[in-house]
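The block underneath contains the structure these notes are about, expressed in structure tokens.
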Amino acid sequence: MEKDYFEPVIVGFLCRWCAAAAADAAGTSRLHYPPNIRPVRVNCSGFIDPVYILRALLEGADGVFVAGCRPGDCHYVDGNLKARRRIAILKETLKTLGLEDQRVVFEYISTSEGSRYAELVKKFTEKIRGLGPSPLKKKFLTV
Amino acid sequence: MIKVNERIGVFICHCGLNIAGTVNVEKVAEEISKCKGVVHAEHYIFMCSDPGQEKVRQTIKEKKLDGVIVAACSPDLHEHTFRSAAASAGLNPYRVEIANIREWVAWPHEGKGEEATEKAIKIIDAAIEKLRDNMALLPVEVPVTKKVLVIGGGIAGIQAALDCADAGLDVYLVERGQSIGGKMAQLSETFPTLDCPQCIETPKMTAVAQHPKIHLYAYSEIEDVNGYVGNFKVKIKRKPTFVDWDKCTGCRECMKVCPVKVPSEYERGIADRKAIYISFPQAVPNKAVIDAENCIRMKYGKGCGLCAKNCPSKAITFEGNGSIEEVKVGAIIVATGFDVMGVNSFGEYGYGKYKDVLDALQFERLLAPAGPTSGKVLRPSDGREPKEVVFVQCVGSRDPDNWHPYCSKICCMYIAKQAMLYKHAVPDGQAYVFYIDIRADGKGYEEFVHRAMTEDGVIYLRGKVGKIVEEGDKLRVYGVDTLTGRNVVIDADLVVLATAVEPSKGIDDLARKLRIQLDQDGWLSEAHLKLRPLESLTSGIFIAGAAQYIKDITDTVSQASGAAAKAIALLSRDKLEKEPIVATVDEEVCVGCGNCVSICTYNAVELDPELKVARVNEGLCEGCGACAATCPSGAIQLINNTKKQIFEMITALTRRD
Amino acid sequence: MELLYFPGCTLKTSAKNFEDSALTVASKLGLELRELPRWNCCGTVYSLAADDLMHQLAPVRNLVRVQELNRDKLVTLCSMCYNTLKRASRLVRRNSEKLETINMFMDEEQSYEGRVEVFHFLQTLRDEVGFKKISEKVVKPLKDLKIFPYYGCLLVRPEEEAIDDPNDPTVMNDLLKSLGAEVIDNSFKTVCCGSYLTVDKKEVVAEMTYKILSAAVKDGAEAVTLSCPLCHFNLDFRQAEVAEKHPEFKRIPVFYFTQLMALAFGLNPEVCRFNLHFVDPKPLLRGKGFI
Amino acid sequence: MEIKVSLKKVKSPLVRKVTEISDEKIYSCYQCGKCSAGCPFADQMDLLPNQVIRFVQLGMEEVLDCKTIWVCSACFTCRVGCPKGIDIANLNEALRLLHLRRNQDHLKLGKLPREELLKLPQIALISSLRKYTA
């Protein structure tokens, strides 16, 4: 079914201790947000290899939303900080690929922040909707 | 790894209408049944029910399934349920994956049936992709240290320590203050029975001191925590007391001669203690400490020393005798309790400038028979007996705009008690209570408030107080009674504010050391508010008392015993099963760069000195996967979370129809 | 230092004593208060209605005047002007949609960019000049003069716009102390005088005036100081009605804080224009030897 | 006097209009009464500020006839104290505007004695006209 407006595809990587639990809490509280995000539950945001994010973008995702525990809250001490650094570097790389670095975001979300999760996902979805389809995807699909 | 000939079964839960009300479960089953390797797809009203689980077991056997997907609620709720069900039908539990289509799909996308259905299919599809390469695993077995650490020596910590010790476990009880006893030891009497804490708590404190299994670390703090369930390593810091506790007999001769007066924490500032002190008469341990910040000798390094001269047992050394000790425990119970806001936060009530505006814990000390006034209610300003006392509830609580959104829960009851005790102390006096709602929801509580109103003639006014102003030697209280619809002015002699209860100071720092979470108000997060209220999300760390949320003594003691029971149950086993989701190394691929060694927080990876390949210690590996993300060659991977699996999941999730 | 200054209507008429004394005192402190060119009415009271932008045009237009000069600071003397301009500046800064609508409406003007910050002169004295410097300029300390500083509402409420602690402001207390005066403080200092009720409910205002002033007098005050021409009118002029209703009431002069500064700095008392007062302050000041 | 509470009343235009004009969350008020307790003009009012909110919550149009909304001087003492962050002065303004936007002026300057008018400073006249007239 063709839609007359752009519906972005967003891949999420959520750490199971905080962000995934916050996503659970958002659901339990019946907080509504756009359905575009498709999340993967991982043990720790520090597990996320930048390659996964690139892969998602190459496979057709218009945005990637990564979330880990708040600083100091990481179940594995500092996995979230490792993730933050990796993603900061990745974003630099994206620019050189001609891709808007806003398409990838890393957020700290604690277990109890269901409403913040919903809010951030909503905002990110709107941002990606505003940026339009990923240019990478177009290239990839036309090849 | 043996690649099995795929026979996957998918079970989609309606969860009543929770899922099926939004997600078209028939369509999901139909679409999913087309996936490669799926030999069975069905939907059912409640998969977690007995008949639901039976369907899973039956189908595994009948259709010889080698993998199961349950599309239902969050894995935090029922992953264990379905893995156990599968195991009992002979399927390895790690060949079961949960797809969360309730919290992540049906609930947040209510009213968007079509999109939700599509998203559910994608999420299940991704779970199938992961499952394909999931290895059948056996749990890693780890030994257990049959000892417990209890943090916090209030009534919660005391109860938990006694229960664990009575079960035969060694207990390390750590209290940061000079004495155990906590807030309860500061109370005058307790609602609704009017027992005095001296009568009911002191025997428990003594029992702690005498129990052969309890190792009390008073005046101590947690320095560092390492390890994991069954095998924690904890560094406890004994703060310097400058007194040799082996010699100190608790005779208090030192306190008699010390010339320095400091507001007493135990008396909540309405009376003084000395620079060398034992918090209160029944203190456990009954040993003195020197407050180095205020002691003349400690400050200037010379002079005074009167306490040492007066000490019959020559216990006072002025030497920094602090130390750090490391203990090993299998479980930790956090019982750090609460603090109470001071009156100086509230500008409309005088910012603490008015001496006769007290917080309720200060008023407890005025009521306490062993308090600074020997239980006589006397105004701090002039020592007169107050004839009219106003109590104000919900000060800083239920006030999201300025302070805390939550209800402090215990105030309705202790204010009724304080008003009642005030009337007992000053029979010709009058007590007024400003309240918004009365919450008296325990056994005998409603009756207790009723008694305050009828027998003791406490006047309850429904409304808040706008401001308090000093008028001569009176406090003019401007309030409202919304029931008559009139503003109320009372010229009071004394005002007591039921200030909000807050998480104990320093809990954020401790939570960080323990790697447990706090909620938005700073209370400890429990694993599940209803079903796992005594556990943190970190296995082996339990929560007791008001650290989780404000509780009265009854609830605190119940929860402390509950947390102790949880710890005892955990440590009753000789070995614990640890998640086998750990890192593994493909030695053929490993180039020995050592990135994984340096990134590992747990020192679980080592480089084989001869072969120059990484080796993982499964006992130490926590399964965070940081090594996998940093490995340049893809040699080190997290079991059942391999690169291939994640890639396949991404492909499934980004697939466009 | 030159500061752009917004006078407002009443400072040009019945509160000329406020403006004159302020300008003189400022220059003594090395501040030049330059009147905002082409200023218009601030709107007097901030319009609270969320669905009404018409009433925000007047204050925002004044902010445009500041922007036209490439400046981003505006100082007021009148508390009501302060509050109205400050709240309007906050509203459009936080709400870009509303700002856009207002800009479209005022298409004859430059588009306002939201950068102007509004200050009250008391903030300037406290945060930029400093009370120490003020006390250095004092040549006739207001010794033995017992003064009640009255803050009223709009300097300290709502809290977002407050120039000081809403429950217990002290900026004027500290100023008075630096002038050598004795401060009489009580909780009526932030109780509303009745504001614009003075037009058709003057009995309400007279009653508030009575409450506020009699509390101050009871605590020993000989005079009141404040920063709002409307409060001044209410607390000064309405004393006649108070005295009629409460025969025991003792009249008490009401000063703008800048008048007291002028006296303490030993400036020509002419700038204080005491003839504009209803309760004549001269007998008190003469008695204490300040004039 | 009993109040008839009904669906029609609770869903009355009053709640909608007041919310629209004021943008305040009327139903977050839990009637603690702190606004009334701190109000310097409460003794001049026929309904206490918390009662005004209650009337609006229940959709009772008679709140428009109360004296309170004209006695409020918008001094914001209530707003500073409110635990739920409601600006009660704003609510009163909304209720006043429901009159004023129908051109029902509350203040008729012509009725004031000339002598009084001459003495009133501009700041008083303009602010009262702003609050009391359309």
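Residue numbers (the working numbering), protein chains in the order written: chain Z, 184 to 326; chain R, 745 to 1401; chain F, 2 to 292; chain A, 19 to 152. We put the CB at the ideal spot given by N, CA and C, even for glycine.
- DSSP, read as helix, strand or coil, puts Glu-1354 (chain R) in coil.
- Measuring C-alpha to C-alpha distances from Tyr-838 (chain R) to each of R:Thr-934, R:Arg-827, R:Pro-1353 and R:Cys-992 identifies R:Arg-827 as the nearest.
- Residues of the segment 1069-1100 of chain R that bring their beta carbon within less than 7 angstroms of a beta carbon in chain F comprise Gly-1091, Glu-1092 and Tyr-1095, in sequence order.
- Between Met-879 (chain R) and the set R:Gly-1223, R:Glu-1392 and R:Ile-1383, the nearest pair of CA atoms involves R:Ile-1383.
- In the structure shown, Cys-943 (chain R) falls within a helical segment according to DSSP collapsed to helix, strand and coil.
- Looking at the DSSP output, Tyr-291 (chain Z) shares a beta bridge with Z:Gly-251.
- Ranked by how close their Cα comes to the Cα of Arg-66 (chain F), the residues F:Leu-264, F:Asn-41 and F:Gly-153 have F:Asn-41 in first place.
- Flagged as an interface residue toward chain R: Gly-229 (chain Z), by a C-beta distance shorter than 7 angstroms.
- Using a Cβ-Cβ cut-off of 8 angstroms, Asp-166 (chain F) is close to Gly-1091 of chain R, given in chain order.
- Closer than 7 angstroms to the CB of Ser-317 (chain Z) there is not a single CB belonging to chain R.
- Rounded to whole angstroms, Arg-252 (chain F) and Tyr-211 (chain F) show a C-alpha spacing of 10 angstroms.
- Straight across, the Cα-Cα distance linking Lys-134 (chain F) with Arg-127 (chain F) is about 10 angstroms.
- Thr-226 (chain F) is bridged by DSSP to F:Pro-150 and F:Phe-256.
- Contact between the segment 266-281 of chain F and the segment 17-36 of chain F is present: 3 or more CB-CB pairs across the two stretches fall below 8 angstroms.
- Not flagged as an interface residue toward chain Z: Asp-1145 (chain R), since no C-beta distance is shorter than 7 angstroms.
- Taken through DSSP and simplified to helix, strand or coil, Phe-755 (chain R) comes out as strand.
- In the three-state reduction of the DSSP assignment, Ala-1236 (chain R) falls in the strand class, which pools E and B.
- At the C-beta level, Phe-238 (chain F) and Phe-279 (chain F) come within 7 angstroms of one another.
- Nearest to Pro-254 (chain Z) by C-alpha distance, out of Z:Val-247, Z:Asp-245, Z:Glu-242 and Z:Arg-267, is Z:Arg-267.
- With the criterion set as a beta carbon lying under 9 angstroms from some beta carbon of chain R, the members of the segment 264-297 of chain Z are Lys-265, Ala-266, Arg-269, Ser-293, Thr-294, Ser-295 and Glu-296, in sequence order.
- Taking 7 angstroms as the Cβ-Cβ cut-off, the segment 1207-1226 of chain R approaches chain A at Gly-1207, Lys-1208, Val-1209, Gly-1210, Lys-1211, Tyr-1222, Gly-1223, Val-1224 and Thr-1226, given in chain order.
- Taking a C-beta distance under 7 angstroms as the contact criterion, Ile-87 (chain A) and Cys-47 (chain A) do not qualify as a contact pair.
- Beta-carbon to beta-carbon, His-853 (chain R) and Thr-766 (chain R) are separated by about 6 angstroms, close enough to satisfy the 8 angstroms threshold.
- Nearest neighbour of Phe-248 (chain Z) by Cα position, chosen from Z:Pro-318, Z:Gly-262, Z:Ile-311 and Z:Asp-261, turns out to be Z:Ile-311.
- Within chain A, not a single residue places a beta-carbon under 9 angstroms from that of Arg-1012 (chain R); the smallest gap is close to 25 angstroms.
- Sequence-ordered contacts of the segment 1254-1271 of chain R with chain Z read Ala-1255, Arg-1256, Arg-1259, Ile-1260, Gln-1261, Leu-1262, Asp-1263, Gln-1264, Asp-1265 and Ser-1269 [C-beta pairs closer than 9 angstroms].
- Considering only beta carbons, the part of the segment 1158-1188 of chain R lying closer than 7 angstroms to chain A consists of Ile-1180, in chain order.
- Excluding five sequence positions before and after Asp-220 (chain F), the CB atoms of its chain that fall closer than 6 angstroms to its own CB belong to Ile-185 and Asn-187, given in chain order.
- For Val-61 (chain F), the enclosing alpha helix (DSSP H) covers residues 58-69.
- For Ser-964 (chain R), the pairing in a beta bridge is given by DSSP as R:Arg-982.
- Not flagged as an interface residue toward chain R: Asp-128 (chain F), since no C-beta distance is shorter than 7 angstroms.
- Annotated as proximal: Ser-40 (chain A) and Asn-108 (chain A), with beta-carbon spacing under 7 angstroms.
- Taking the Cβ atoms as the reference, Tyr-1095 (chain R) lies roughly 6 angstroms from Asp-169 (chain F), within the contact range of under 8 angstroms.
- Following the DSSP letters along the chain, one finds Pro-316 (chain Z) in no alpha helix (DSSP H), marked with neither H nor E.
- The Cβ neighbour count for Asn-71 (chain F), taken over all protein chains shown within 10 Å, is under 16; the residue is labelled exposed.
- At a cut-off of 3 residues, the continuous stretches assigned as beta strand (DSSP E) that sit fully inside the segment 761-812 of chain R are 782-788.
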